[in-house]
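Colleague: Chains as they are written, first to last, in my numbering: chain A, 1 to 305; chain B, 306 to 610. If you scroll down you'll find the structure; I have some questions about it.
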């Protein structure tokens with residue numbers, strides 16, 4: 001089953017050197033989510049030949065332009081293409097007003113329903129849940145209200161060991177094996193022990209998206225042991241003072257969070273326009289956390305089961 | 306002296322095949338204007354290595370997203386780069402609210418002053434004027450309030466014929482020759498006849514931008530004899546009914562306006578996403594108005610003096 005992060009853009013406040021503002025597509029078990037939606041995101045989706053019709057939930061971290069200015073264009077395009085499904089948008093206060101104001105002046109009544117979900121400041125909360133996964137907010141430290149998002153698969157069923165499965169079991173009995181139960185006979189005695197017929201479940205995968213934020217230890221505490229962390233790294237160490245002043249992170253900050261949280265893999269992004277060459281960003285993180293990658297646009301990062 | 310139109314984007318309502326939404330840069334005698342500002346316009350300006358710091362006046366035809374959604378990002382970038390000069394924005398009602406709402410939620414106070422100028426429905430009016438040119442609104446016929454823009458150089462001074470200029474004339478006398486006056490002696494008699502020392506002025510050039518609009522004869526009447534006309538041609542004839550329904554034009558409509566207006570050159574743009582190949586649009590216009598071009602992005606159209 002899929003678990004994939006596609007980078008649509010990872011430029012910082014300004015686009016630069018052909019790099020687009022922040023936007024990501026997250027695919028988990030055939031569900032499609034979007035995280036942030038910077039200017040040009042719809043063009044990036046088209047360029048990468050990614051279907052945006054299947055996106056039903058868009059999570060916006062905060063209301064700095066480089067994180068949401070592509071949303072209105074995407075909504076207009078979905079409308080022109082006669083989208084039917086509801087679109088859920090998760091954001092701090094204000095985005096509903098920004099969008100409805102623009103719809104009003106364009107005299108557009110979208111072909112689909114937009115449902116706004118308001119995020120609250122400094123709150124860790126599950127804001128999306130279905131049978132396969134949850135999405136939880138991560139409080140970030142930035143100039144305005146800002147949240148990251150933690151995508152986590154729910155515990156998965158035990159796997160049937162087909163090589164050892166006796167013939168003639170009922171569907172209900174198979175289901176109870178997957179839940180971890182033994183199979184009993186009519187008298188209530190154990191007919192088959194669960195451990196004899198099943199294998200341990202596949203692991204539940206997890207991804208955390210943290211942009212924009214100053215260095216904040218509580219992030220590491222919340223995301224302990226996850227598989228993949230995207231953490232902003234707007235600057236390298238040469239601009240640490242600038243990072244502190246603007247409540248952004250350096251590559252070393254991001255790597256330190258990854259190390260403290262004991263994550264498996266780290267992606268760096270939200271690169272300042274002052275860096276044409278991103279090598280210094282990557283090289284600065286490596287000694288602290290070696291399994292680190294640049295979130296370059298067009299790249300896909302997959303978590304295996 | 307420069308008179309140049311640079312196409313930043315000419316896609317219709319949706320971006321398609323790498324074509325960006327509508328935006329143009331107009332350079333006249335070293336003044337830089339922007340006309341419409343679709344999503345991605347700032348990236349297009351960067352890609353084409355066009356300085357956007359010198360743009361002081363932005364004219365927005367109407368509040369459909371494909372004509373203004375790039376403006377907020379451009380404003381944020383100008384702010385981040387510490388722009389100082391006032392920025393004048395000309396638009397129908399609503400854009401001031403759309404922009405100030407977004408500035409409020411991003412907690413941004415731009416480093417420069419934004420001055421909004423409201424356009425009125427169905428009005429022909431000079432909305433910008435300086436010593437070299439005027440910009441006049443062109444009422445268009447669309448689903449919401451929509452204006453085109455007519456850029457017109459003012460009459461130019463007569464040119465001094467240096468081969469015939471006597472020595473020893475004062476600066477004031479040269480200036481009066483340029484204005485068309487004769488040079489008199491102290492008694493008030495003609496010392497030099499203007500016609501003997503000057504050549505006729507260079508021609509005053511003109512450009513009309515008309516997007517989006519249904520076929521509207523009054524446009525042709527207003528723009529008689531101009532040098533360059535950009536007229537939307539969203540559809541070819543195969544979609545004439547669709548054009549009528551959405552208050553857009555076909556290539557034949559645009560060419561007919563160009564012919565009726567007796568313009569020198571026609572640019573077609575605002576192409577529907579249904580046309581990957583734009584040849585049919587161009588070929589349809591040619592029999593009606595042969596001096597016609599596609600407004601492809603990155604292309605520059607210059608009017609010689």
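In this text, a Cβ means the ideal position worked out from N, Cα and C, and glycines have one as well. Quick caveat: nothing in here was measured; it's all calculated off a predicted structure.
1) Got a sec: is the Cβ-Cβ distance from residue 39 of chain A to anything in chain B below 9 Å?
2) Once you ignore the five residues that flank residue 72 of chain A on each side, which residues in its own chain have a CB closer than 6 Å to its CB?
3) Closest to residue 254 of chain A by C-alpha separation, out of A:212, A:276, A:274, A:245, would be which residue?
4) Of all Cβ atoms in chain A, is any one closer than 9 Å to the Cβ of residue 529 of chain B?
5) Who are the neighbours of residue 412 of chain B on chain A, taking C-beta pairs under 8 Å?
6) Chain A partners of residue 518 of chain B, CB-CB under 9 Å?
7) In terms of DSSP beta bridges, what is residue 425 of chain B paired with?
8) When burial is assigned at 16 or more other CB atoms within 10 Å of the CB, is residue 319 of chain B buried or exposed?
9) If we require 3 or more residues per run, which beta strand (DSSP E) segments fall completely within the segment 351-428 of chain B?
10) Going along chain A in order, which residues have a C-beta closer than 9 Å to the C-beta of residue 327 of chain B?
11) Would you identify the three-state DSSP class for residue 196 of chain A, choosing helix, strand or coil?
12) Is it buried or exposed, residue 17 of chain A, if we count other Cβ atoms within 10 angstroms and call 16 or more buried?
13) Can you tell me whether DSSP reads residue 577 of chain B as helix, strand or coil?
14) Just curious, the alpha helix (DSSP H) that residue 289 of chain B is in, first and last residue?
15) Using only alpha-carbon positions, find the residue among B:529, B:504, B:444, B:580 that is nearest to residue 467 of chain B.
16) Does the beta carbon of residue 140 of chain A sit closer than 9 Å to a beta carbon anywhere in chain B?
17) State the CB to CB distance for the pair residue 432 of chain B and residue 404 of chain B, rounded to an integer number of angstroms; the pair is presumed to be in contact (CB under 8 Å).
18) Determine contact between the segment 132-140 of chain A and the segment 36-52 of chain A, defined as no fewer than three beta-carbon pairs at a distance below 8 Å.
19) Tell me the residue span of the beta strand (DSSP E) that contains residue 245 of chain A.
20) Report buried or exposed for residue 315 of chain B, applying the criterion of at least 16 other Cβ atoms within 10 angstroms of its Cβ.
21) Which bits of chain B does residue 97 of chain A rub up against, with CB to CB less than 9 Å?
22) Counting Cβ pairs, one atom from each stretch, are 3 or more of them under 8 Å apart for the segment 358-367 of chain B and the segment 506-523 of chain B?
23) So is residue 452 of chain B buried or exposed if we call it buried at 16+ other beta carbons inside 10 Å?
24) With respect to the alpha helix (DSSP H) encompassing residue 564 of chain B, which residues constitute its N-terminal and C-terminal limits?
25) Distance check for residue 581 of chain B and residue 545 of chain B, CA to CA, integer angstroms please.
26) Are residue 410 of chain B and residue 97 of chain A touching if we call contact CB-CB under 9 Å?
27) From residue 197 of chain A to residue 191 of chain A, what distance separates their C-alpha atoms?
28) Taking only beta-carbon atoms, is residue 320 of chain B less than 9 Å away from chain A?
29) Who are the near neighbours of residue 235 of chain A in its chain, counting only those whose CB is closer than 7 Å to its CB and skipping five residues on each side?
30) At the level of alpha carbons, what is the spacing between residue 391 of chain B and residue 311 of chain B?
31) Below 8 Å between beta carbons is the criterion; list the residues of the segment 537-552 of chain B that meet it against any residue of chain A, in chain order.
32) Which residues bound the alpha helix (DSSP H) around residue 332 of chain B?
33) On the three-pair Cβ rule with 8 Å, is the segment 566-573 of chain B touching the segment 519-537 of chain B?
34) Taking residue 310 of chain A as the reference, give the member of A:26, A:51, A:34 with the closest Cα.
35) Residues of the segment 39-63 of chain A in Cβ contact with chain B at a cutoff of 8 Å, in chain order, please.
36) Please work out which residues of its chain come closer than 8 Å, Cβ to Cβ, to residue 417 of chain B, disregarding the five sequence neighbours upstream and downstream, and give them in chain order.
Modeller: Let me spell this out:
1) In the first chain, residue 39 of chain A corresponds to position 39, counting from 1. At least one C-beta of chain B is nearer than 9 Å to the C-beta of residue 39 of chain A.
2) Numbered from 1 along the first chain, position 72 holds the residue referred to as residue 72 of chain A. So the qualifying residues of the chain are 102.
3) Taking the first residue of the first chain as position 1, residue 254 of chain A is located at position 254. Out of A:212, A:276, A:274, A:245, A:212 has the C-alpha closest to the C-alpha of residue 254 of chain A.
4) For the purposes of this step, residue 529 of chain B is taken as the residue at position 224 of the second chain. At a cut-off of 9 Å between beta-carbon atoms, residue 529 of chain B makes no contact with chain A.
5) Taking the second chain and counting its residues from 1, the one referred to as residue 412 of chain B is at position 107. Within 8 Å Cβ-Cβ: 143, 144.
6) Taking the second chain and counting its residues from 1, the one referred to as residue 518 of chain B is at position 213. Neighbours of residue 518 of chain B on chain A: none; closest Cβ ~16 Å, over 9 Å.
7) Position 120 of the second chain, counted from the first residue, corresponds to residue 425 of chain B. According to DSSP, residue 425 of chain B bridges with nothing at all.
8) If you number the second chain from 1, residue 319 of chain B lands on position 14. With 16 or more Cβ atoms within 10 Å of its Cβ, residue 319 of chain B is classed as buried.
9) 360-364, 392-396, 419-423
10) On the second chain, position 22 is the one that residue 327 of chain B refers to. Those within 9 Å of residue 327 of chain B in chain A number zero; the least Cβ separation is about 12 Å.
11) Along the first chain, one-based indexing puts residue 196 of chain A at 196. Residue 196 of chain A falls in the helix class under three-state DSSP.
12) Position 17 of the first chain, counted from the first residue, corresponds to residue 17 of chain A. Counting Cβ neighbours within 10 Å, residue 17 of chain A comes out exposed, since fewer than 16 surround it.
13) Within the second chain, the letter at position 272 stands for residue 577 of chain B. The answer is coil: DSSP assigns residue 577 of chain B none of H, G, I, E or B.
14) There is no way to answer for residue 289 of chain B, as the model of chain B reaches only from 306 to 610.
15) Indexing the second chain from 1 puts residue 467 of chain B at position 162. Checking every option, the nearest Cα to that of residue 467 of chain B belongs to B:504.
16) Position 140 of the first chain holds residue 140 of chain A. Not an interface residue.
17) Here the question's residue 432 of chain B lines up with position 127 in the second chain. Here the question's residue 404 of chain B lines up with position 99 in the second chain. Wrong, their Cβ atoms sit about 18 Å apart, outside the cutoff.
18) no
19) For the purposes of this step, residue 245 of chain A is taken as residue 245 along the first chain, with counting starting at 1. Segment 240-246 is the alpha helix (DSSP H) holding residue 245 of chain A; no beta strand (DSSP E) there.
20) One-based indexing of the second chain puts residue 315 of chain B at position 10. It counts as buried.
21) To locate residue 97 of chain A, count along the first chain from 1; it is residue 97. Result: 406, 410.
22) yes
23) Your numbering for residue 452 of chain B matches position 147 in the second chain. So residue 452 of chain B counts as buried.
24) On the second chain, position 259 is the one that residue 564 of chain B refers to. From DSSP, the alpha helix (DSSP H) with residue 564 of chain B extends over 556-566.
25) Position 240 of the second chain, counted from the start, is the residue given in the question as residue 545 of chain B. Position 276 of the second chain, counted from the start, is the residue given in the question as residue 581 of chain B. So the two alpha carbons sit approximately 18 Å from each other.
26) As a first step, residue 410 of chain B is located in the second chain; it is residue number 105 there, counting from the start. As a first step, residue 97 of chain A is located in the first chain; it is residue number 97 there, counting from the start. Yes, they are a contact pair.
27) Taking the first chain and counting its residues from 1, the one referred to as residue 197 of chain A is at position 197. Taking the first chain and counting its residues from 1, the one referred to as residue 191 of chain A is at position 191. Using only the alpha carbons, I get a separation of about 11 Å.
28) Sequence index remark: in the second chain, residue 320 of chain B carries index 15 (1-based). Closer than 9 Å: yes.
29) As a working note, residue 235 of chain A is residue 235 in the first chain. Correct list, in chain order: 242, 243, 248, 250, 272.
30) In the second chain, counting from the first residue as 1, residue 391 of chain B sits at position 86. In the second chain, counting from the first residue as 1, residue 311 of chain B sits at position 6. Cα-Cα distance, rounded: 23 Å.
31) none
32) As a position in the second chain, residue 332 of chain B is number 27, starting the count at 1. Per DSSP, residue 332 of chain B belongs to no alpha helix (DSSP H); it is in the beta strand (DSSP E), 328-333.
33) yes
34) Outside the shown range of chain A (1 to 305) lies residue 310 of chain A, about which nothing can therefore be said.
35) 39, 40, 42, 43, 46, 47, 63
36) The sequence position of residue 417 of chain B within the second chain is 112, counting from 1. Contacts found: 383, 384, 388, 389, 390, 391, 392.
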